[in-house]
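Chains as they are written, first to last, in the numbering used here: chain A, 1 to 165; chain B, 1 to 165; chain C, 1 to 157; chain D, 1 to 157. C-beta: ideal position from N, C-alpha, C; glycine also.
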Amino acid sequence: TLIKRLEIHNFKSFESKRVSLQLDGGLNVITGPNGSGKSNIIDSIRFCLGENSPKALRVSRLSSLISDTGPKTDGRSAKVTMLFDNSRRAIPVDSDTVSISRELKENGESTYFLNGKRVQKGSLSEILDLALISSEGLNVIPQGMVTRISELLPDEKRRLIESII
Amino acid sequence: TLIKRLEIHNFKSFESKRVSLQLDGGLNVITGPNGSGKSNIIDSIRFCLGENSPKALRVSRLSSLISDTGPKTDGRSAKVTMLFDNSRRAIPVDSDTVSISRELKENGESTYFLNGKRVQKGSLSEILDLALISSEGLNVIPQGMVTRISELLPDEKRRLIESII
Amino acid sequence: KRRVFINSFEKVDKELRTIFNKLTGGSAWLEIEDPNDIFSSGIFLMTQFPDKAPRESTSTSGGEKTITALAFILSIQSVYPSPFYLFDEIDAHLDAVNLERLAELLKERSKRSQIILVTLRPPMIARASAIYGTYNEDSISKVVRYKPGVEIVVRSS
Amino acid sequence: KRRVFINSFEKVDKELRTIFNKLTGGSAWLEIEDPNDIFSSGIFLMTQFPDKAPRESTSTSGGEKTITALAFILSIQSVYPSPFYLFDEIDAHLDAVNLERLAELLKERSKRSQIILVTLRPPMIARASAIYGTYNEDSISKVVRYKPGVEIVVRSS
Ligand SMILES: Nc1ncnc2c1ncn2[C@@H]1O[C@H](COP(=O)(O)OP(=O)(O)OP(=O)(O)O)[C@@H](O)[C@H]1O
Ligand SMILES: Nc1ncnc2c1ncn2[C@@H]1O[C@H](COP(=O)(O)OP(=O)(O)OP(=O)(O)O)[C@@H](O)[C@H]1O
Ligand SMILES: [Mg+2]
Ligand SMILES: [Mg+2]
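Rendered as structure tokens:
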């Protein structure tokens with residue numbers, strides 16, 4: 001199940017006009033100057049998949065994820081949508097593509113959508129778990145954290161192996 | 001008071017034959033492949049100036065600082081010597097150059113020398129403090145730690161300013 | 001429980017040996033601290049870089065830890081295959097030789113799983129199957145997609 | 001105690017503004033959370049990168065945090081002048097433009113205080129007044145000294 005497209009609305013440094021990335025099935029490289037939004041793209045994927053820790057998304061509280069570059073009107077919200085290729089039905093949903101969205105309002109409340117229909121976070125997490133799609137597994141290495149795995153204590157390394165079984 | 005020379009004996013990946021670096025007063029750049037001893041040179045300076053935390057020197061206990069590449073004979077020890085230019089007498093000792101050495105034995109005990117004479121760690125620290133020579137001030141940034149200062153909480157930043165007065 | 005653990009442990013260990021050797025020419029392996037009491041003892045991630053003594057991963061250099069961590073993470077794939085990877089500047093502390101080898105390995109791996117990787121280093125950009133360039137316009141981030149092979153110059157004002 | 005603090009605070013703040021502007025063309029400054037109760041409130045390290053909104057240093061990007069941290073550390077020098085600096089791969093997450101500017105600044109600063117700096121990045125090596133190349137021979141580290149200007153190729157086997 002690979003990610004075919006990523007759409008980012010009003011999330012961190014991405015403005016309210018929709019930003020859309022068509023992703024390749026192979027090695028997608030994101031590059032650019034310091035402070036130009038590279039890590040924010042990684043954050044947007046983790047956000048969409050349900051990451052709820054402000055620290056993991058590098059903010060003090062969730063509502064700071066909404067872009068502060070636009071007009072300070074009321075009722076602002078951030079939205080991220082991911083489109084997955086589901087031709088092999090790894091996600092237990094009967095459609096060739098599956099779209100997952102998350103919208104966050106200023107009051108910190110999130111709404112999740114699966115193929116356009118509202119869904120509870122709990123049932124979405126179960127569906128994603130079955131497809132081995134996770135935003136906090138070993139498959140995610142945030143900036144500056146790559147050596148951490150090698151620095152784990154022996155006990156922590158054992159627990160890591162136990163957790164993947 | 002700049003560092004004129006650094007001599008490293010049997011410390012980490014440096015063997016028992018003395019390794020000596022003549023340092024320049026300006027920008028001294030150390031470069032080379034991964035795992036070739038660059039950070040161990042930085043550790044050797046912090047060690048010589050009295051750093052006693054194994055974690056700060058990236059080992060589990062101090063005796064692991066003694067090189068394990070040589071013959072496993074008894075009575076091994078690691079020794080680092082720094083030669084300072086003291087022509088402006090910033091170090092309160094009456095000589096144009098000042099040498100500071102630290103020797104570590106397998107039992108974890110350290111011996112300090114000032115211009116070749118044995119000295120207590122406490123009185124050496126006092127002398128170095130007067131010359132503003134420290135191994136744990138803001139002037140030392142270990143590998144991977146450069147962004148820490150920007151990530152400090154407001155209280156920690158205040159305490160930092162207080163500590164330098 | 002013990003049998004399931006040993007089974008996964010051996011798969012990860014076997015894959016780790018292959019990947020680490022491909023990356024460095026040296027060897028790496030997992031050791032159980034106390035095989036008689038697995039669930040209250042630890043696991044050691046052992047490495048032996050070419051021409052060096054064997055050492056546990058915690059007492060190697062920064063660049064060596066990076067290589068070991070990535071070999072371990074990719075070896076987990078053999079037991080728990082995640083459909084995609086998100087890597088943010090994992091190559092920052094690698095020297096030129098290790099960078100080339102890692103870039104080659106990730107290019108190969110990307111045939112099996114999708115990889116989304118942030119990097120500032122040209123040898124890694126050169127192996128991409130798709131390149132996204134981010135830049136700022138009036139404090140807003142924008143993204144353009146490049147065809148691989150097209151020379152990217154990181155813009156500066 | 002308050003007067004001494006304010007005096008040092010202002011010196012560091014003034015120097016921070018100069019250095020940060022030289023490094024980025026933007027501005028940075030220190031703000032006291034509660035000027036009426038300094039010793040139980042905090043200090044904010046504010047930054048405004050070119051064409052961007054002002055932001056506290058904790059919510060900027062990795063590379064922006066690197067630049068801000070170094071500007072702050074060098075500004076402390078105005079109050080507490082340490083005779084030497086030990087920097088280990090401080091440039092790992094900088095893009096090409098910020099790297100050039102930092103390398104230029106450190107070259108200048110090295111006229112006032114001695115700097116010992118570990119780096120893997122060529123623009124930084126190019127500005128050295130002395131270069132030490134480390135390498136391994138049978139798991140032992142060796143060091144050679146180069147004259148600046150001599151081309152260094154990081155040896156690989
Ligand atoms: N007591 C010791 N005896 C011998 N070798 C040691 C000892 N302690 C550490 N080492 C080895 O020293 C080597 C060099 O480590 P160091 O951290 O200095 O490398 P480095 O040049 O900074 O590399 P990197 O670019 O990856 O940061 C490592 O391979 C490590 O295993
Ligand atoms: N809520 C927000 N609204 C607008 N901009 C934001 C918001 N949160 C963070 N930013 C800004 O987003 C910018 C880009 O951050 P990001 O971490 O993605 O950069 P990056 O490209 O990864 O840079 P680096 O190479 O330094 O790691 C930063 O300048 C930051 O100040
Ligand atoms: Mg980043
Ligand atoms: Mg190092």
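Identification of chain C residues near A/Asp129 by a Cβ-Cβ cut-off of 7 angstroms yields none; the smallest Cβ-Cβ distance measures about 11 angstroms. Residue contact with chain C for B/Gly70: absent (no Cβ-Cβ distance below 8 angstroms to any residue of chain C). Listed along the chain, the chain A residues whose CB falls inside 8 angstroms of the CB of C/Leu99 amount to none; the nearest CB is some 13 angstroms away. In terms of beta-carbon proximity, A/Asn10 stays away from the interface with chain C, with every pair separated by 8 angstroms or more.
The alpha-carbon of C/Leu120 is positioned some 25 angstroms away from that of A/Thr69.
Using beta-carbon distances, A/Asn34 counts as an interface residue toward chain D, with a partner under 8 angstroms. The three-state reading of DSSP puts B/Gly137 in coil, since its state is none of H, G, I, E or B. Inclusion of C/Met124 and C/Ala103 in the CB contact set at 8 angstroms is warranted, their separation being smaller than that value.
The Cβ neighbour count for A/Gln22, taken over all protein chains shown within 10 Å, is under 16; the residue is labelled exposed. Proximity to B/Val29 across B/Ile42, B/Gly35 and B/Arg118 peaks at B/Ile42, based on C-alpha coordinates. D/Glu33 is outside the set of residues whose beta carbon lies under 8 angstroms from a beta carbon in chain C. The Cβ atoms of B/Val80 and B/Ile91 do not sit closer than 8 angstroms to each other.
Annotation: the continuous beta strand (DSSP E) that includes A/Met82 extends over Ser77 to Asp85.
Against chain D, a Cβ distance below 8 angstroms from A/Gln143 picks out Gly62 and His93. Taking C-beta atoms under 8 angstroms as the contact rule, A/Lys121 and A/Gly50 qualify, at a distance of about 6 angstroms. Interface with chain D (8 angstroms Cβ-Cβ cutoff): A/Ser16 is excluded. Taking the CA atoms as reference points, B/Asn34 sits about 16 angstroms from D/Asp91.
Remark: the C-beta of C/Thr60 is in contact range of ligand 1, defined as less than 7 angstroms to any heavy atom. Within 10 angstroms of the beta-carbon of D/Gly149 lie fewer than 16 other beta-carbons, which makes it exposed. Proximity of the beta carbon of A/Asn107 to ligand 2 is not indicated: no heavy atom of the ligand is located closer than 7 angstroms. Going by DSSP, B/Phe14 is part of no alpha helix (DSSP H) at all; its letter is neither H nor E. The continuous stretches of alpha helix (DSSP H) do not include A/Ile30, which lies in the beta strand (DSSP E) extending over residues Leu27 to Thr31. Looking at the DSSP output, C/Asp88 shares a beta bridge with C/Val118.
Across the structure, A/Leu65 and D/Asp138 are spaced so that their CA atoms are roughly 51 angstroms apart.
The DSSP assignment places complete beta strand (DSSP E) segments of no fewer than 3 residues inside the stretch 41-92 of chain C at 43-48 and 84-88, in order along the chain. Against C/Glu89, the close residues of chain A are Gln143, in the order they occur along the chain (beta-carbon pairs closer than 7 angstroms). Nearest to A/Ser134 by alpha-carbon distance, out of A/Arg18, A/Ile161, A/Gly37 and A/Phe47, is A/Phe47.
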